[in-house]
DNA sequence: GTTGAGAACTTGTCTGAACAAGTTGGCCCC
DNA sequence: GGGGCCAACTTGTTCAGACAAGTTCTCAAC
């Protein structure tokens, strides 16, 4: 948090949060903000661009910016880490590894993780819960180069993301999430304490490093009575896409 | 498409699409691009910022930008309009209104559409299909001020979005989508030609104008064997958030 | 060969200025 | 009171330059 424009974006976010600028009200003009913070207009524009991308404020040429919402979307870190998300809500995350083994990468694994087929990759089946109640079943495949760091982690570690960062400095930078619905199978039903054929929200995701190298891919199934996902988007900024089944 | 930086962003997108820059390769330096297009570095930065937000290229201070993916995400217009999306895939969109009536706004409607409870709002139940096969059931509520423009539209109009734009100049600028899974009810099953209790992907969305005024909200149910959603995000740009059921 | 220091390169941040394009509010006239 | 026009205001776009901070490559020393 060195950059001045990030500091200003943060101050504006907080001001909106504590309703100094209420929803529907107009933000000061760029020149006023620039004078107030003692920076140039370009720097202010970088700050407000961030808030616009988050959907906190709307903007039209010629008119003052308008505050659209107060609660801001989660950070990528919070989305990535189940434990961090739970903590932010004041809930306790639990986790338990059910099975863990090396298998040769299938063709699908190879494509998703950019490896050669047959490379041994680490499969982990993990149940995650909030305050003890199971809500998520994770079937994760880790790339060969990170597997050695994942393998020794104890089965009930609440935050794998945190552990990998502490141990290896690994940070997740990009994610691609494909979302659909499936009926719970026998194993799903058992581990999530729901009836068979209950609808589950399935999120298949690939996470990569800053350089774009895939680290892991996962088939996550959420109890749809416990968890949902929300996406905010706009004309300028659209991360959501509809897809047909292949 | 007047702005130079948008033109440049588009040219770069196309160049990546036709694999002039292949995935994994490095983009020319900002100064080179600036010289090539005859603009300043600031303008180039605006262009590449757009591609970075879309997840097409990755970027680290000090190192040249890297091409991460080739297929670009859909525009907001394509997400908003079922018909436009279908056309982009070379499929034909069909639509049929099953029921349409005015009802007084419930408390929930009032909150979502920013109206007073009791205001008459237009409810529309619509089935959408691809090449004749039903894939989506839309239960939409339109705000009172747009209802008069929606009401006279013929029941089998393939693109309501297009009609509203042509007739009233209305453009949708922001969207909030909440995604979860539900079991098909009797009506859902009937209209979508699936068995009862099949898993459906539910997308509850609110769409607003450029000024942040809500236009409509909708409960969309997709056949999960036909359609899924994908979200691309990053540390800089995260539109996706996990939520607990209230 | 390996290592380490350093130079060259590249992206990130910020400034100050200018003009274009769109919105808003007030004033005058009818 | 209503309508229309204009001036003031505000955001969008672009430029040229400067320095900071991180990466990559080269080359000399060991």
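Chains as they are written, first to last, in this note's numbering: chain A, 803 to 1048; chain B, 803 to 1048. Built from N, CA and C at the ideal position, the CB exists for glycine as well.
Burial state of residue i (16 or more Cβ within 10 Å)
i, result
"residue 934(B)", "exposed"
"residue 978(A)", "buried"
"residue 1034(B)", "buried"
"residue 922(B)", "exposed"
"residue 1001(B)", "buried"
"residue 982(B)", "buried"
"residue 986(B)", "buried"
"residue 1043(A)", "buried"
"residue 816(A)", "exposed"
"residue 864(A)", "exposed"
"residue 990(B)", "buried"
For residue i, the three-state DSSP class (helix, strand or coil)
i, result
"residue 823(B)", "coil"
"residue 950(A)", "helix"
"residue 840(A)", "coil"
"residue 955(B)", "coil"
"residue 880(A)", "helix"
Residue nearest to residue i in terms of C-alpha spacing, selected from the options
i, options, result
"residue 834(B)", "846(B), 825(B), 824(B) and 823(B)", "846(B)"
"residue 898(A)", "882(A), 976(A) and 962(A)", "962(A)"
"residue 1049(B)", "1018(B), 1023(B), 1011(B) and 1032(B)", "With chain B running from 803 to 1048 in the structure shown, residue 1049(B) is simply not present."
"residue 1102(A)", "969(B), 858(B), 1012(B) and 825(B)", "Residue 1102(A) falls outside the range modelled here, since chain A spans only 803 to 1048, and no answer is possible."
"residue 1019(B)", "965(B), 944(B), 987(B) and 1043(B)", "944(B)"
"residue 862(B)", "1042(B), 1043(B) and 1037(B)", "1037(B)"
"residue 1006(A)", "895(B), 877(B), 921(B) and 1030(B)", "1030(B)"
"residue 941(A)", "976(A), 916(A), 993(A) and 971(A)", "993(A)"
"residue 824(B)", "871(B), 831(B), 860(B) and 843(B)", "871(B)"
"residue 950(A)", "1043(A), 904(A), 864(A) and 885(A)", "904(A)"
"residue 976(A)", "965(A), 887(A) and 1010(A)", "1010(A)"
"residue 932(B)", "957(B), 947(B) and 894(B)", "894(B)"
"residue 970(B)", "939(B), 930(B), 958(B) and 1017(B)", "1017(B)"
"residue 857(B)", "826(B), 840(B) and 839(B)", "826(B)"
"residue 832(B)", "819(B), 822(B) and 807(B)", "807(B)"
"residue 869(B)", "917(B), 927(B) and 828(B)", "828(B)"
"residue 926(A)", "916(A), 939(A) and 878(A)", "939(A)"
Close-in-space but distant-in-sequence residues of the same chain around residue i (CB under 8 Å, 5 per side omitted)
i, result
"residue 953(B)", "902 and 924"
"residue 919(A)", "906, 907, 908, 909, 911 and 912"
"residue 890(A)", "876 and 880"
"residue 1041(A)", "1033 and 1035"
"residue 888(A)", "894, 895 and 932"
Residue-level contact to chain A via CB, residue i, 8 Å cutoff
i, result
"residue 925(B)", "no"
"residue 887(B)", "yes"
"residue 1044(B)", "yes"
"residue 1013(B)", "yes"
"residue 832(B)", "no"
"residue 918(B)", "no"
"residue 1027(B)", "yes"
"residue 936(B)", "no"
8 Å Cβ cutoff, residue i in contact with chain B
i, result
"residue 921(A)", "no"
"residue 964(A)", "no"
"residue 981(A)", "yes"
"residue 967(A)", "no"
"residue 823(A)", "no"
"residue 987(A)", "no"
"residue 804(A)", "no"
"residue 972(A)", "no"
"residue 876(A)", "yes"
"residue 883(A)", "no"
"residue 941(A)", "no"
"residue 978(A)", "yes"
Same chain, Cβ closer than 7 Å to residue i, five either side skipped, listed in chain order
i, result
"residue 811(A)", "849, 852 and 853"
"residue 1039(A)", "855"
"residue 995(A)", "936"
"residue 967(A)", "973"
"residue 957(A)", "898 and 899"
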